[in-house]
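One structure below.
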Amino acid sequence: MNSKRFFLLLILAGLFLLGLWLPAGAAPQMQQPPTLTPGADGRTIYIVQAGDNCTRVAFLNGISVDQLRQLNSKLDENCTLIEGQELLVGIIAVVETPTALVSPTVSPFTATPTPLIGTTEVCILLFNDANGNALREETEPAVAGGAVSLTENNGEYSAQLDTVIPADPTVYQGICFSNIPEGKYTISMAAPDNYNPTMELEYVLDVKAGDRAFVDFGIQSKDIVVDTSNQEPESTTTTSGSSPLFGIIGGLLLLGGVGLGYYAWRSGRPETKLSGGILKK
């Protein structure tokens, strides 16, 4: 073999081996999860390292981020960690045996559900039912001065309010009972003076936590008289208006009958002629 060719192959082999060695030597050593030992009180503490976050700490210790937050209630909403900070990542229950040997038993973390406790809101509108149809229309305004009471049927809640008219016409024109417990309520409305109700002024309502209920009550001014028999007066007016015409027609028929009778009477008499005021046969 040519010495130059052998020397060239030797250099290429050396460069190949050097290329394999450099990446292996430069590769960082993978960080292993820390081995944590519970303390005498059974609490396992993790010391925050540089670059740690809640997700990484939870993964290294075999728990979820929610469990990490519940074990460490002082963590802020962003779960901000500080290097060197101590975090509780587990609790070991220590069980004593008759031989005085300590046998650690891991207690799984379980979250206890919190019962749902909520309130509701009931809003009531008293409106001027001008047309008396018991339906609130856009042109029918709210009425102030009505007294409304809201009472829970088991006696757990009771309150009273007076209806008012808000200064802002774009907001809800009624009044609202807020932060009341869920339950079955009786709503009673007392109309102001000079008003009559156009519907029942008592209503029973069943509401659940988180609901918002709206109830409308209609009233009408006593100055407005609602005529429920308006069809009968129309029929009476039409008949009385036609009676003069029928009277004229009846009179003409009567005169015609008299004329015909007279003509028949004259036709039955002997023909006569008047001449100089003397009757001639």
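Residues in the sequence shown are numbered consecutively from 0, following numbering that gives the first Met the number 0.
The beta-carbon is built from N, C-alpha and C at its ideal position, and this holds for glycine as well.
Closest by CA to residue i, which one among the options?
{"i": "leucine 125", "options": "Gln172, Ala212, Glu151, Gly131", "result": "Gln172"}
{"i": "alanine 57", "options": "Ile223, Gln48, Leu67", "result": "Leu67"}
{"i": "asparagine 195", "options": "Ser220, Ser2, Ala212, Ala129", "result": "Ser220"}
{"i": "asparagine 77", "options": "Leu70, Asn52, Leu59, Ser63", "result": "Asn52"}
{"i": "asparagine 152", "options": "Gln48, Val206, Leu70, Gly89", "result": "Val206"}
{"i": "cysteine 175", "options": "Val147, Asn130, Asp167, Val47", "result": "Val147"}
{"i": "glycine 117", "options": "Glu82, Ser177, Gln159, Ala133", "result": "Ser177"}
{"i": "valine 47", "options": "Val88, Tyr202, Ala133", "result": "Val88"}
Check residue i in the structure and name its three-state DSSP category.
{"i": "valine 64", "result": "helix"}
{"i": "glutamine 159", "result": "strand"}
{"i": "alanine 12", "result": "helix"}
{"i": "valine 206", "result": "strand"}
{"i": "leucine 74", "result": "coil"}
{"i": "isoleucine 174", "result": "strand"}
{"i": "isoleucine 314", "result": "Residue 314 is absent from the structure shown; the chain starts at 0 and stops at 280."}
{"i": "alanine 189", "result": "strand"}
{"i": "threonine 118", "result": "strand"}
{"i": "threonine 54", "result": "helix"}
{"i": "glycine 24", "result": "Only weak support exists for where glycine 24 lies, its pLDDT of 49 falling under 50; the value from the coordinates is given anyway. Of the three classes helix, strand and coil, the one that applies to glycine 24 here is helix, per DSSP."}
{"i": "arginine 4", "result": "helix"}
{"i": "leucine 252", "result": "helix"}
{"i": "leucine 80", "result": "coil"}
{"i": "leucine 86", "result": "strand"}
Can you say whether residue i is buried or exposed, counting buried as having 16 or more other CB atoms within 10 angstroms of its CB?
{"i": "glycine 217", "result": "buried"}
{"i": "asparagine 193", "result": "exposed"}
{"i": "isoleucine 164", "result": "exposed"}
{"i": "glycine 61", "result": "exposed"}
{"i": "threonine 197", "result": "buried"}
{"i": "isoleucine 223", "result": "exposed"}
{"i": "threonine 162", "result": "buried"}
{"i": "phenylalanine 15", "result": "exposed"}
{"i": "isoleucine 247", "result": "exposed"}
{"i": "isoleucine 44", "result": "exposed"}
{"i": "leucine 80", "result": "buried"}
{"i": "leucine 254", "result": "exposed"}
Measure from the C-beta of residue i to each C-beta in chain D and report whether the shortest distance is under 8 angstroms.
{"i": "glycine 50", "result": "Structure shown: chain D not included; a single protein chain is present."}
Since residue i contacts residue j with CB under 8 angstroms, what's their CB separation in whole angstroms?
{"i": "proline 180", "j": "tyrosine 156", "result": "6 angstroms"}
{"i": "threonine 150", "j": "alanine 208", "result": "Not really, about 19 angstroms apart at Cβ, beyond 8 angstroms."}
{"i": "alanine 212", "j": "leucine 200", "result": "No, alanine 212 and leucine 200 are not in contact; Cβ-Cβ is about 17 angstroms, not under 8 angstroms."}
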